[in-house]
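Undergrad: In UniProt numbering, the protein residues as written are 1 to 286. All residues carry an ideal CB built from backbone N, CA and C; glycine is no exception.
1. So which of 261, 206 and 184 has the shortest CA-CA distance to residue 231?
2. Pick out whichever of 160, 224, 175 and 211 has its Cα sitting closest to the Cα of residue 55.
3. Using a Cβ-Cβ cut-off of 8 Å (strictly less than) and excluding sequence neighbours within five positions of residue 266, which residues of its own chain qualify?
4. Can you tell me which of 214, 160 and 213 puts its alpha carbon nearest to the alpha carbon of residue 82?
5. DSSP three-state label for residue 101, please.
6. Find out if the Cβ-Cβ distance for the pair residue 29, residue 123 is shorter than 7 Å.
7. Measuring CB to CB, does residue 194 end up less than 7 Å from residue 282?
8. Relative to the C-alpha of residue 72, which candidate in 96, 37 and 221 has its C-alpha closest?
9. Report the start-end ranges of each alpha helix (DSSP H) in the region 52 to 112 that is 4 residues or longer and not cut off at the edges.
10. Residue 241 and residue 221 look like a contact to me (Cβ under 8 Å); what is the Cβ gap, rounded to whole Å?
11. Can you tell me where the beta strand (DSSP E) with residue 171 in it begins and where it stops?
12. Could you name the residues of the same chain whose beta carbon sits closer than 8 Å to that of residue 214, not counting the 5 residues immediately before and after it, in chain order?
13. What do you reckon, are the CB atoms on residue 251 and residue 164 nearer than 7 Å?
14. Using a Cβ-Cβ cut-off of 8 Å (strictly less than) and excluding sequence neighbours within five positions of residue 46, which residues of its own chain qualify?
15. How big is the Cα-Cα spacing for residue 64 and residue 106?
16. What residue range is occupied by the uninterrupted beta strand (DSSP E) comprising residue 139?
17. What would DSSP say about residue 118, mapped onto helix, strand or coil?
18. Cutting at 7 Å between CB atoms, please list the residues of its own chain near residue 14, excluding the five before and the five after it.
19. Classify residue 209: buried if its beta carbon has 16 or more other beta carbons within 10 angstroms, exposed otherwise.
20. Closer than 7 Å by C-beta to residue 136: which residues in its own chain qualify, once you throw out the five before and the five after it? Chain order, please.
21. Does residue 246 have its Cβ less than 7 Å from a Cβ in chain D?
22. Please confirm whether residue 261 and residue 270 have their CB atoms less than 7 Å apart.
23. Please determine, among 128, 170, 141 and 138, the residue with the shortest C-alpha to C-alpha distance to residue 154.
24. Return the CA-CA distance between residue 205 and residue 274, expressed in angstroms with no decimal places.
25. Could you work out which residue in 192, 285, 31 and 201 is closest to residue 12 when comparing CA atoms only?
26. Please list the terminal residues of the continuous alpha helix (DSSP H) segment that includes residue 195.
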């Protein structure tokens, strides 16, 4: 298992157990993911799930953090000779059902008075295979996914990601309502990783940083005298140190999974720190 969401789960396991290998992964389709969380089959859902008001209320879930700001886009065959999604009227569009992607697709075409033929699949792999086989002209999902999918197509260079971003897709973990402490732990794992990046604390220098005189670093790593930050959260006081040491800070996780250190080479964009023009911002550890 690999990916930003996978590393997030490993970060949670590290905070709770001190061991990233304690994370147990359950493969779920878009249709099955919400019932699995509601029933208690999984403790946290972090698999490319968009935070929306209906999911935050009627489904009985809690969202707080966004570990990837995304937006829906389109990939099309170059042979279509289209340069914009506004040129897709009449196209057959492969899409995964039971997702906000399917709803956004309908909204976009309706808003722009365009016709389209939806070709729906329950599983993303089936939708992308159908697109690659020519059963549809276009495939739509979050833009981060489009770049990953293009690498796996039979002829990647014969496909183009169109420039339009048609939605806001704040992706992050969800937990069941009713367990505030668990909600706090899941949320603060992300905040710890973001704060670590902002403070320049990495998996490579975290041991050296334990000797830092910087009060923010001391509070983050649990070296401040008399600290109870970790125990108040319900974990050990070196919880954030362990996360950074064993999993990495947010920038490291982003870089190796989807950024410069990965085949995808996705720019940080909105996922850059707030100090660098992005949206990633964490409350202070104090």
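TA: For this structure:
1. When only C-alpha atoms are compared, the closest one is 184.
2. The shortest C-alpha separation from residue 55 is found at 175.
3. The beta carbon of residue 266 sits closer than 8 Å to the beta carbons of 144, 147, 258 and 259 from its chain, once the five residues preceding and following it are set aside; these are given in chain order.
4. Of 214, 160 and 213, the residue nearest in Cα terms is 160.
5. Three-state result, residue 101: helix.
6. Result yes, Cβ atoms of residue 29 and residue 123 sit closer than 7 Å.
7. Annotated as proximal: residue 194 and residue 282, with beta-carbon spacing under 7 Å.
8. Closest by alpha carbon: 96.
9. Counting whole runs of 4 or more residues, the region 52 to 112 contains the alpha helix (DSSP H) stretches 53 to 57 and 100 to 111.
10. So it is a contact: roughly 4 Å between Cβ atoms.
11. DSSP places residue 171 inside the beta strand (DSSP E), whose first and last residues are 169 to 171.
12. Cβ within range, chain order: 199.
13. Taking 7 Å as the Cβ cut-off, residue 251 and residue 164 do not qualify as a contacting pair.
14. Counting only Cβ-Cβ distances below 8 Å, and skipping sequence neighbours, we find 5, 8, 9, 67, 172, 173 and 174.
15. Those two C-alpha atoms are separated by around 27 Å.
16. Segment 138 to 142, the beta strand (DSSP E) holding residue 139.
17. Residue state for residue 118 is assigned as strand, using DSSP reduced to three classes.
18. Cβ contact annotation for residue 14 (same chain, cutoff 7 Å, sequence separation greater than five): 20, 242, 243, 246 and 247, in chain order.
19. By the Cβ neighbour-count rule, residue 209 is buried, with 16 or more other Cβ atoms within 10 Å of its own.
20. Result list for residue 136: 92, 93, 94, 119 and 130, in chain order.
21. Structure shown: chain D not included; a single protein chain is present.
22. Not in contact: residue 261 and residue 270 (Cβ atoms no closer than 7 Å).
23. Selected option, being the one with the closest Cα: 128.
24. Spanning the two alpha carbons is a distance of roughly 22 Å.
25. The residue with the shortest Cα to Cα distance from residue 12 is 192.
26. Residues 180 to 199.
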